[in-house]
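Notes for the one structure printed next.
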Amino acid sequence: MSETKNKTLLQAENVSEVFGGLKAVADFNFYIDRGELVGLIGPNGAGKTTVFNLFTGVYQPTTGEILLDGKSIVGMKPYQITARGIARTFQNIRLFGELSVLDNVKIAYHCHVKYGLAESVFRIGRYFGEEDEIENRALKLLKIFKLEDHAYEIAKNLPYGAQRRLEIARALAANPKLLLLDEPAAGMNPQETRELMEMIRKIRKQFGLTVLLIEHDMSLVMGICERIYVLEYGMIIADGTPAEIQNNPEVIRAYLGAEAIN
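Okay, structure coming up:
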């Protein structure tokens, strides 16, 4: 395997997604290297969430290839891709609202348990040891996200910003190599957004993560991302550093607007 392939964690090659004759994504080429923090931006309806759905197996590409660690993930189910190392959050929060904060995180750990069905049903063998370990790890993760005092509260009762943090904590519990964040700052005030930016930096370093971020808040994107892809009508119209994107005439026309870069 070449040095480039060793370095690249996820790659999309000529990917298209067609819904009833409408091309939601067209000839999409993309890569993200290990340890990078990359942004994916574009106007509403540009196809950003469709890309996330393709990367996580919710959709299968009409054409093209998606490679994780140099191996195809096309045709895999979402749970299989999660086990391979991709976890995500959602534009609209999708917590298990009636479960506790702690249980929301513990559920994500179970994609890696080693005990079998019989051990689970009869609560024998490795069951109790692994469950104790999962609970301890979940509590440590909640502490990182300043949610340990809410561990036994019902998730839907958390304030909005705390629910956003919980969703990221749950994604991390799946032990991903690549974390996909779909508009994590949506609905947050400026202070919460600044705190989120610092949290993303912290968890990236602490967990050795590669991060791909969809976000409309340009201050967050430009302040945290090392590279940025810009989508319009399902096609990439630009990619580069934040400075390059800010000064790209196509991006200015399609998305940022003059006021956003002055």
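First residue of the sequence shown? That's 5 in the numbering used here, and the numbers climb one at a time after it. Cβ coordinates follow ideal geometry from the N, Cα and C atoms, glycine included.
{"Check": "CB contact flag (Leu146, Ala159, <8 Å)", "Outcome": "no"}
{"Check": "Three CB pairs or more closer than 8 Å across the stretch 41-59 and the stretch 18-32", "Outcome": "yes"}
{"Check": "Distance between beta carbons of Val215 and Leu183, contact taken as under 8 Å", "Outcome": "5 Å"}
{"Check": "C-alpha gap between Arg205 and Gly227, whole angstroms", "Outcome": "11 Å"}
{"Check": "Whole-angstrom distance between Glu199 and Thr245, CA atom to CA atom", "Outcome": "23 Å"}
{"Check": "Under the three-state DSSP convention, the category Thr197 falls into", "Outcome": "helix"}
{"Check": "Through-space distance from Arg208 to Leu13, alpha-carbon basis", "Outcome": "15 Å"}
{"Check": "Continuous beta strand (DSSP E) stretch holding Leu151: start and end", "Outcome": "Per DSSP, Leu151 belongs to no beta strand (DSSP E) and is neither H nor E."}
{"Check": "Contact set for Val125: own chain, Cβ-Cβ below 6 Å, skip 5 residues either direction", "Outcome": "Bear in mind that a pLDDT of 49 at Val125, under 50, signals an unreliable position, so the number given afterwards is only what the model happens to contain. Correct list: empty, nothing qualifies."}
{"Check": "Where Arg92 sits in the DSSP three-state scheme", "Outcome": "strand"}
{"Check": "C-beta contact flag for Val109 and Ile70 at 8 Å", "Outcome": "no"}
{"Check": "Sequence-distant residues of its chain with Cβ nearer than 6 Å to Ala122 (five each side left out)", "Outcome": "Unreliable positioning characterises Ala122 in this predicted model, as indicated by a pLDDT of 47, which lies under 50. The coordinate reading is nonetheless provided below. There are no such residues."}
{"Check": "Local conformation of Val225 per DSSP, three classes", "Outcome": "helix"}
{"Check": "Beta-carbon proximity check, Pro188 vs Glu230, cutoff 8 Å", "Outcome": "no"}
{"Check": "Option nearest Gln250 by Cα separation, candidates Ile138, Ile240, Asn33 and Met222", "Outcome": "Met222"}
{"Check": "Straight-line gap, Lys11 to Arg38 (C-alpha atoms, nearest Å)", "Outcome": "6 Å"}
{"Check": "Proximity to Ile97 [Cα-Cα], best of Ala112, Ile172, Ile148 and Asn140", "Outcome": "Ile172"}
{"Check": "As assigned by DSSP and simplified to three states, the class of Gly68", "Outcome": "strand"}
{"Check": "Rounded straight-line distance, which links the Cα of Ile85 to that of Pro180", "Outcome": "10 Å"}
{"Check": "Which residues DSSP lists as bridging Val42, in chain order", "Outcome": "Leu216 and Arg231"}
{"Check": "Test item: CB-CB of Glu236 and Pro65 under 8 Å", "Outcome": "no"}
{"Check": "Residue nearest to Gly191 in terms of C-alpha spacing, selected from Gly61, Phe211, Tyr164 and Ile232", "Outcome": "Tyr164"}
{"Check": "Lys52 - containing alpha helix (DSSP H), residue span", "Outcome": "Lys52 to Phe59"}
{"Check": "Cβ-Cβ distance between Arg88 and Leu72 below 8 Å", "Outcome": "yes"}
{"Check": "Cα-Cα separation, Leu217 to Tyr35", "Outcome": "13 Å"}
{"Check": "Ile241 beta carbon less than 8 Å from that of Glu254", "Outcome": "yes"}
{"Check": "Where Arg257 falls, given that 16 or more other Cβ within 10 Å makes a residue buried", "Outcome": "exposed"}
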